[in-house]
Amino acid sequence: MQEIDVMKLYDFARIILIVEKDGLSKVRFAKIIYFVHKELSRQNFVGRDELEYIRMPLGPVPNGFMTLAEEHLDIETRVISTGLSYNSVNFRLKRRMLFPNGRRNPLYESISDILKDLRDISTSDLIDISHNEPSWINHSNSELYTISEKDMENPFPKMKLGKSLELQNQQIQASLVKGMIDD
């Protein structure tokens with residue numbers, strides 16, 4: 001694959017939301033951006049250092065993620081009932097959009113394939129997997145970092161046995177508490 005021009009957080013977010021038409025919850029969206037960026041780096045579409053991440057208790061969060069919808073009016077947030085107040089915000093595009101050349105565009109195809117592979121992985125599993133990334137382990141909460149060579153050695157996330165939404169929420173809550181205690 002050939003590397004493309006530098007992608008910014010908005011570029012990643014917009015393409016992901018074009019593919020994920022129903023939107024993504026706040027916590028899941030942050031993890032999805034991380035794993036899409038990492039896999040696109042592995043495929044030489046983008047550089048590992050094109051995005052910075054903030055180390056947070058629930059795993060890496062792209063730097064600028066919290067103001068994404070404020071700064072880009074085509075991204076909207078809606079409050080949905082998830083049982084977890086900090087994961088009740090759903091991100092989506094205001095209007096249905098198409099990607100130029102859609103299925104014939106290698107970047108779009110690659111992101112679509114990555115997202116298809118991530119769809120069956122629970123948010124709590126994505127959090128757990130992100131907690132095994134060397135960069136996340138080696139930083140304290142609120143520190144900035146980029147994806148390292150060591151992070152690239154970890155394999156792409158694989159689906160685990162299905163979990164109920166209630167169990168996923170409990171695991172997300174436990175990850176948050178553990179991350180806060182560890183810090």
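The numbering of the sequence shown is our numbering, which starts it at 1 and goes up by one. In this text, a Cβ means the ideal position worked out from N, Cα and C, and glycines have one as well.
Query raised in the report: Alpha carbon to alpha carbon, how far is Y108 from S41?
Result: Those two C-alpha atoms are separated by around 14 Å.
Query raised in the report: From F35 to S130, what does the alpha carbon distance come to, in whole angstroms?
Result: Distance between F35 and S130, taken at the CA atoms: about 9 Å.
Query raised in the report: Using the C-alpha atoms, what's the distance from L24 back to N90?
Result: Going from the Cα of N90 to the Cα of L24 covers about 5 Å.
Query raised in the report: Alpha carbon to alpha carbon, how far is N138 from D151?
Result: Spanning the two alpha carbons is a distance of roughly 11 Å.
Report task. Check whether the stretch 74–81 touches the stretch 37–52, taking contact to mean three or more Cβ pairs, one atom from each stretch, closer than 8 Å. Result -> No, because fewer than three Cβ pairs between the stretch 74–81 and the stretch 37–52 fall closer than 8 Å, the two stretches do not touch.
**Report entry** For R78, three-class secondary structure by DSSP
**Finding:** The answer is strand: DSSP assigns R78 an E or B state.
Query raised in the report: Using a Cβ-Cβ cut-off of 7 Å (strictly less than) and excluding sequence neighbours within five positions of K21, which residues of its own chain qualify?
Result: Around K21: R96.
Requested in this report: With DSSP collapsed to three states, give me the class of F35.
Outcome: In this structure, DSSP gives F35 a helical state, which the three-state scheme calls helix.
Query raised in the report: Taking the alpha helix (DSSP H) that V19 falls in, what are its first and last residues?
Result: Counting along the chain, the alpha helix (DSSP H) containing V19 begins and ends at L9 to V19.
Query raised in the report: Helix, strand or coil for M152 per DSSP?
Result: It is helical.
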